[in-house]
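Heads up: the structure comes next, in structure tokens.
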Amino acid sequence: YHDPRRFGSFHWLQGASHPLLDSLGPEPLTDAFSGHYLYQLSRKRHVPIKQFVMNGKVVVGVGNIYANEALFLAGIHPARAASRIAEARYEVLATTIKRVLGEAIELGGTTLRDFVGGDGAPGYFAQQLRVYGRGGQPCRGCGASLRDLRQGGRATVFCVKCQR
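Residues 7 to 170 in our numbering are what the sequence shown lists, from first letter to last.
Next comes the structure, spelled out in structure tokens:
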């Protein structure tokens, strides 16, 4: 177990529940996570959509890199208020979150600096990144220059033409 950023921990539990886990949202690769679920939870939530999907109480496991990538594929501007997104667009977003996470898992994760998988090998999803870390470079979809934005202290990269 190698956790240089110290996000993880191990706990031996009796039973299936623990107070640390009770308030967390669903795992995105399960049937409990859907566009309808996101839409219902987003009503009256005026936070930017990127911060909404990165909130562990909404859904677990959607970190900064994967949020950037999924929002790009879904064509949703990361600063758009969560409450101002139609249910049909949430269906697309839920599908793209599952797709991006599936691709990342298939490629062993995303190695930017020091990440290695359980087998000690680096992840290769970083070679597939469409927007994250590419601010100022051309969008692979339309050729426009990708823009950088700080949201909640995190780097956000998006295309003003492809993401509305």
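Using N, Cα and C, we set each Cβ at its ideal position, and we do this for glycine too.
Following the continuous alpha helix (DSSP H) through Leu79, name the residue where it begins and the one where it ends. Asn70 to Ala80
Three-state secondary structure assigned by DSSP to Leu107: helix
With distances taken Cα to Cα, identify the nearest neighbour of Ile103 among His83, Glu93, Arg140 and Leu79. The option with the nearest alpha carbon to Ile103 is Leu79.
At 3 residues or longer, and completely inside the stretch 31 to 63: list those beta strand (DSSP E) runs for me, N to C. Entirely contained in the stretch 31 to 63, not one beta strand (DSSP E) run reaches 3 residues.
Just confirm the distance between the C-beta atoms of Leu77 and Lys56, as a whole number of angstroms; I'd bet it's less than 8 Å. 6 Å
The beta strand (DSSP E) with Arg153 in it runs from where to where? Unbroken beta strand (DSSP E) run through Arg153: Arg153 to Gln157.
Apart from the five residues just before and just after Pro144, which ones in its own chain have a Cβ nearer than 8 Å to its Cβ? Ala150, Ser151 and Leu152
Assigned exposure category for Arg12 - 16 Cβ within 10 Å defines buried: A residue is called buried when at least 16 other Cβ atoms come within 10 angstroms of its Cβ; Arg12 does not meet this threshold and is exposed.
Tell me whether Val163 is buried or exposed, calling it buried when 16 or more other Cβ atoms sit within 10 Å of its Cβ. Around the C-beta of Val163, 16 or more other C-beta atoms lie within 10 Å, and the residue is accordingly described as buried.
Take the Cβ of Glu75 as the centre, count every other Cβ of all protein chains shown within 10 Å, and call the residue buried at 16 or more, exposed below. buried
Use the C-beta contact count for Cys148: other C-beta atoms within 10 angstroms, 16 or more gives buried, fewer gives exposed. exposed
Using a threshold of 8 Å, state whether the C-beta atoms of Gly67 and Pro34 are closer than that. yes
Mind checking Val137: buried by the 16 CB within 10 Å criterion, or exposed? When all chains shown are included, Val137 counts as buried.
Given Cys165, which residues of its chain have a CB within under 8 Å of its CB, disregarding the five upstream and five downstream residues? Phe78, Val137, Cys145, Gly147, Cys148, Ala150, Leu152 and Arg153
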